[in-house]
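Protein chains in written order, with this note's numbering: chain A, 66 to 108; chain B, 4 to 322.
Next comes the structure, spelled out in C-alpha cells:
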C-alpha cells in the first residue's frame with residue numbers, strides 16, 4: 066500500500082514580502098544562492 | 004560530511020504536514036529531495052524566524068530522547084543551529100519510530116517569511132549533517148514501505164492536489180511510460196543531462212552536464228551563461244535577477260527541451276513562465292553556479308518524479 070502526504074501549495078515568502086513592500090530590501094539583504102545547498106565536492 | 008547547506012529560496016511553495024512526539028505535535032515541512040536532515044523549530048529558539056512558526060516542545064513528548072549532539076545547518080546567508088533528539092515522526096499515517104530530528108535554537112532571519120516550519124530531507128544519508136538518519140531510510144529499515152521508493156506529484160494550477168507518495172508509484176499522477184534514469188551519484192538525486200535545446204539548437208549543457216532533481220528548489224537553475232542564453236532565446240530580459248517576459252506572448256514562446264538518457268523532456272512556455280500580480284511574468288530559469296544544474300519545481304510540475312532507492316534511479320513520467 067502507498068502512504069501519501071498531501072502538499073499544500075501555499076503563499077511563498079516572496080509573495081508575502083511583496084505584499085508588505087519588503088521584497089526589494091529582502092532580496093538585497095539575503096541574496097538567493099540556489100547552489101548554497103549543494104557542496105561542490107559532493108555534486 | 005560537514006555541516007549541510009540549505010537554501011533561502013523565497014519561491015518555495017509546497018509543504019506538507021507531519022507530526023512529531025507523543026502526544027503528536029504538528030508541523031508544516033518542505034519535503035526536500037535536495038537535503039537529508041529533518042529539522043523543526045524548538046521552544047528553545049527565540050529568533051524572529053522561530054517566533055512565527057510552530058515550535059516543538061520535547062518536554063511534553065513521552066517518546067522523546069535527547070541525542071545530546073549539536074547540529075548546525077548553513078544557508079547561503081545564515082545558518083540554523085540546534086541539537087539532535089529522537090522521537091516518533093508520523094508521515095502520511097506512517098509512524099517512524101526513533102527518528103533523529105534537528106531541533107533549532109537559532110534560525111536565519113529570512114526563515115521568518117517561509118510558510119513551512121521546517122525541512123524534511125529525502126536525499127541520501129551520507130549527506131546528512133551530524134550523521135543523522137533521514138526519514139525515508141528509517142521507513143525502509145523499519146520495513147514500513149512496500150517498495151524502497153517515493154514519488155512526488157506537484158500540481159500547477161490549484162492550491163491542492165500535490166502529493167508525496169511513500170512506498171511506490173501512484174498511477175493517478177502520470178500518463179505514458181516512465182523513463183528510468185540511473186543516478187550519476189548516490190548522494191543527491193543526481194543525473195546526467197545530455198543537452199538542452201530550443202528550436203532544435205543546442206543552447207546549453209553541450210556535451211552533457213550534471214543535474215540534481217530537487218523538490219527543495221523552486222526553479223530550473225543552471226550556470227549563468229547557459230541560463231542567460233536560454234532566457235534570451237525565449238525572449239526574456241533580465242531585471243534584478245528575474246527574467247521578465249510579456250504575459251501576452253506565452254503561447255508563442257518556444258519549448259525548452261532537456262535531453263536526458265536518450266529521451267526528451269519538454270518544458271513549454273506555459274510551464275516555465277510564472278505570473279504574479281506584482282511583477283507580471285517571469286521565466287522559471289534562474290542563475291546558479293558554474294556547472295551544476297538543478298531541476299526544481301518548474302521541472303517536477305511537468306514530470307512526475309520517482310525516487311528509487313531500490314534501484315538508485317530517478318523515474319520521470321509526464322505528470
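Cβ coordinates follow ideal geometry from the N, Cα and C atoms, glycine included. None of these values were measured; they are calculated from a predicted model.
Listed by chain order, chain B residues near residue i by CB distance under 9 Å
{"i": "residue 73 of chain A", "result": "16, 17, 18, 19, 20, 31, 118, 162, 163 and 165"}
Cβ shell of residue i (< 8 Å), same chain only, five flanking positions each side left out
{"i": "residue 245 of chain B", "result": "282 and 285"}
{"i": "residue 254 of chain B", "result": "272 and 273"}
{"i": "residue 88 of chain A", "result": "79 and 82"}
{"i": "residue 73 of chain B", "result": "84, 85, 86, 87 and 133"}
Chain-ordered chain A contacts of residue i [CB-CB under 8 Å]
{"i": "residue 11 of chain B", "result": "95, 97, 98 and 101"}
{"i": "residue 158 of chain B", "result": "74"}
{"i": "residue 170 of chain B", "result": "66, 67 and 68"}
{"i": "residue 251 of chain B", "result": "Under the 8 Å cutoff, chain A gives no residues; its nearest Cβ is about 22 Å from residue 251 of chain B."}
Chain A contact for residue i (CB, 8 Å cutoff)
{"i": "residue 84 of chain B", "result": "no"}
{"i": "residue 220 of chain B", "result": "yes"}
{"i": "residue 248 of chain B", "result": "no"}
{"i": "residue 94 of chain B", "result": "yes"}
{"i": "residue 327 of chain B", "result": "With chain B running from 4 to 322 in the structure shown, residue 327 of chain B is simply not present."}
{"i": "residue 37 of chain B", "result": "yes"}
{"i": "residue 234 of chain B", "result": "no"}
{"i": "residue 231 of chain B", "result": "no"}
{"i": "residue 215 of chain B", "result": "yes"}
{"i": "residue 139 of chain B", "result": "no"}
{"i": "residue 317 of chain B", "result": "no"}
{"i": "residue 259 of chain B", "result": "no"}
{"i": "residue 289 of chain B", "result": "yes"}
{"i": "residue 224 of chain B", "result": "yes"}
{"i": "residue 105 of chain B", "result": "no"}
{"i": "residue 90 of chain B", "result": "no"}
Residues that residue i contacts on chain A, provided the C-beta gap is smaller than 9 Å
{"i": "residue 173 of chain B", "result": "67 and 69"}
{"i": "residue 149 of chain B", "result": "66 and 67"}
{"i": "residue 283 of chain B", "result": "Ordered by position in chain A, no residue passes the 9 Å Cβ test against residue 283 of chain B, which lies about 12 Å from the chain."}
{"i": "residue 113 of chain B", "result": "78, 91, 94 and 95"}
Residues near residue i in its chain [Cβ-Cβ closer than 7 Å; skip 5 each side]
{"i": "residue 93 of chain B", "result": "21, 22 and 27"}
{"i": "residue 207 of chain B", "result": "199, 225, 229, 232 and 233"}
{"i": "residue 88 of chain B", "result": "61, 67, 68, 69, 70, 104 and 106"}
{"i": "residue 121 of chain B", "result": "30, 32, 42, 43 and 44"}
{"i": "residue 147 of chain B", "result": "97 and 99"}
{"i": "residue 195 of chain B", "result": "187, 211 and 213"}
{"i": "residue 179 of chain B", "result": "320 and 321"}
{"i": "residue 209 of chain B", "result": "198"}
Test: residue i CB closer than 8 Å to a CB of chain B
{"i": "residue 90 of chain A", "result": "no"}
Within chain A, partners of residue i - CB distance below 7 Å
{"i": "residue 97 of chain B", "result": "68"}
{"i": "residue 43 of chain B", "result": "None at all; the shortest Cβ gap to chain A is about 15 Å."}
{"i": "residue 292 of chain B", "result": "100"}
Same chain only: Cβ atoms within 6 Å of residue i, ignoring 5 sequence neighbours per side
{"i": "residue 312 of chain B", "result": "151"}
{"i": "residue 216 of chain B", "result": "192, 298, 308 and 317"}
{"i": "residue 1 of chain B", "result": "No information on residue 1 of chain B is available, as it lies outside the stretch 4 to 322 that chain B covers here."}
{"i": "residue 14 of chain B", "result": "221"}
{"i": "residue 269 of chain B", "result": "258 and 260"}
{"i": "residue 267 of chain B", "result": "260"}
{"i": "residue 315 of chain B", "result": "186 and 189"}
Proximity test, residue i beta-carbon vs the ligand HEM heavy atom, cut-off 7 Å
{"i": "residue 112 of chain B", "result": "No copy of the ligand HEM occurs in the structure displayed, which carries no ligand at all."}
Item to check | beta strand (DSSP E) runs contained entirely in the stretch 84 to 159 of chain B, provided each spans 3 or more residues | outcome: You should have 97 to 109, 121 to 124 and 152 to 156.
Next on the checklist: Assess contact between the stretch 152 to 168 of chain B and the stretch 238 to 258 of chain B, defined as three or more Cβ pairs (one per stretch) separated by less than 8 Å. Is contact present?
Outcome noted: Note that the stretch 152 to 168 of chain B does not touch the stretch 238 to 258 of chain B; fewer than 3 beta-carbon pairs, one per stretch, sit closer than 8 Å.
Checklist entry - Residue ranges of each beta strand (DSSP E) run of no fewer than 3 residues wholly in the stretch 170 to 217 of chain B, ordered along the chain? => result Under the rule that a run must span 3 or more residues, the beta strand (DSSP E) segments found entirely inside the stretch 170 to 217 of chain B read 178 to 185, 192 to 196, 198 to 201, 204 to 207 and 212 to 216.
Next on the checklist: Just to confirm the assignment: which complete alpha helix (DSSP H) runs, minimum length 4, are found wholly within the stretch 13 to 77 of chain B?
Outcome noted: Within the stretch 13 to 77 of chain B, the complete alpha helix (DSSP H) runs of at least 4 residues are 51 to 54.
Checklist entry - Counting only runs that start and end within the stretch 267 to 312 of chain B, where is the beta strand (DSSP E) found for 3 or more residues in a row? => result List check, beta strand (DSSP E) in window: 276 to 279, 283 to 286, 288 to 290, 296 to 298 and 306 to 311.
Next on the checklist: Does the stretch 179 to 195 of chain B come into contact with the stretch 120 to 139 of chain B, if we say contact requires no fewer than three beta-carbon pairs (one atom in each stretch) closer than 8 Å?
Outcome noted: Contact holds between the stretch 179 to 195 of chain B and the stretch 120 to 139 of chain B, because three or more Cβ pairs, one in each stretch, are under 8 Å apart.
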